[in-house]
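Colleague: The numbering of the sequence shown is numbering that gives the first Met the number 0, which starts it at 0 and goes up by one. All residues carry an ideal CB built from backbone N, CA and C; glycine is no exception. Nothing here was measured: the structure is a model prediction, and the numbers come from that model. Before I ask anything, here is the structure I am working with.
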Amino acid sequence: MADGIKAIVHDSIITYLQVEDYTSPFVDELRRQYAGQPATFQKKLGETLDDSLEVLMQNQLILHDFEASALYKLPESLIDEQLQANIRSTYGEDRVRFIKTLQAEGKTYEQFRREFRDHLIIQEMRYLHGSSAVIVSPHQIEVFYVDHPDQFKVEPQVKLRMIVLNKPPGDTNETRRLAEEILTKINEGAPFAEMASIYSAGSQRSQGGDWGWVEQSVLRKELAEVAFALKPGEKSGVIETAEACYLMRVEDKRPEHVKPLGEVREDIEKTLLARERDRLQKQWVERLKKKTFVRLFP
């Protein structure tokens, strides 16, 4: 059989082809990630197919719950309004391009609208049952911060300025000579930032070579070894690699530390909100499974 039934949710059928279509956007990335590891690729592909089936089943459970309950309403006029807004944002006034896209995907306008309606319902229902009532208290944030110090640990850092001089093809020591000339000017009193803004090829040139606070893992090994050996206010000599020459100035240093709560409070709140929303949605989906006919096929 070219296709077959993978699952039934109430009276809706999910086919093997639907699961594969839902999974297809992830397959190329899996192939790249596990190139040369065929066994691992097959394992990960199987897990992704299972995840896709679970999402499709959940979507059908949610749609059935919406249609079966008198508690939920989504006016058709609102659906059409949002649908037209979506088409305008994607295609502008180019209706012909929209129609050609539908034809290329083998869809009618009615099918497109039905899919959009289903997506809107699923989105609103998930929000209603997993997001709208979630609140994270300051106490929860503080407890998470105390219980997970490693998540907020920052390795030693330097506040760095750097001049980058890329070597042209066939370079015969010209780049190093230029770096030494710039270093001489700096030693004679020229501001490092000014020299960086004139000569550096780095992306921070317009900021006078200012890299801000940098962790050791951000820099390539040759640069990190020099930068973290310098004291605040000190500058390096010419550091040469196969591709470029570098000059560095360390403006400040700070040891390994834990970010203060005020700096990470917003991130912790987002993490806790996401966890609680996920927990509530899973509970809701499990309740839907218990009251809806669901059958899986091998």
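I need the DSSP call for valine 249, collapsed to helix, strand or coil.
Modeller: The answer is strand: DSSP assigns valine 249 an E or B state.
Colleague: For lysine 220 and glutamate 262, I'd like the C-alpha separation in whole angstroms.
Modeller: Near 29 Å, if we compare the C-alpha coordinates of glutamate 262 and lysine 220.
Colleague: Can you check DSSP and say which residues form a bridge with histidine 256?
Modeller: Answer is Val153.
Colleague: Could you tell me how far apart the beta carbons of glutamate 214 and glutamine 156 are, in whole angstroms, since I believe they sit closer than 8 Å?
Modeller: With 8 Å as the limit, glutamate 214 and glutamine 156 qualify as a contact, their Cβ atoms being about 5 Å apart.
Colleague: The beta strand (DSSP E) with glutamate 214 in it runs from where to where?
Modeller: Taken as a continuous stretch (DSSP letters only), the beta strand (DSSP E) holding glutamate 214 covers 209–214.
Colleague: Roughly how many angstroms lie between the CA atoms of alanine 228 and alanine 200, to the nearest whole one?
Modeller: C-alpha separation (whole angstroms): 24 Å.
Colleague: Which residues mark the beginning and the end of the alpha helix (DSSP H) in which alanine 6 is found?
Modeller: Where alanine 6 is concerned, there is no enclosing alpha helix (DSSP H), although the beta strand (DSSP E) it sits in stretches over 4–8.
Colleague: If we call anything under 8 Å between Cβ atoms a contact, is leucine 272 one with valine 153?
Modeller: The answer is no: Cβ separation not under 8 Å.
Colleague: Tell me the residue span of the alpha helix (DSSP H) that contains leucine 70.
Modeller: No alpha helix (DSSP H) contains leucine 70, which DSSP labels as neither H nor E.
Colleague: Are at least three pairs of beta-carbons, each pair with one atom in the region 170–189 and one in the region 272–288, less than 8 Å apart?
Modeller: No contact exists between the region 170–189 and the region 272–288.
Colleague: Rank Pro297, Phe296, Gln282 by C-alpha distance to the C-alpha of lysine 290 and give the top, closest one.
Modeller: Of the listed residues, the one whose Cα sits closest to lysine 290 is Gln282.
Colleague: Note down, in chain order, each residue of its chain lying with its Cβ closer than 7 Å to the Cβ of leucine 48, except the 5 sequence neighbours on either side.
Modeller: The residues are Val18, Thr22.
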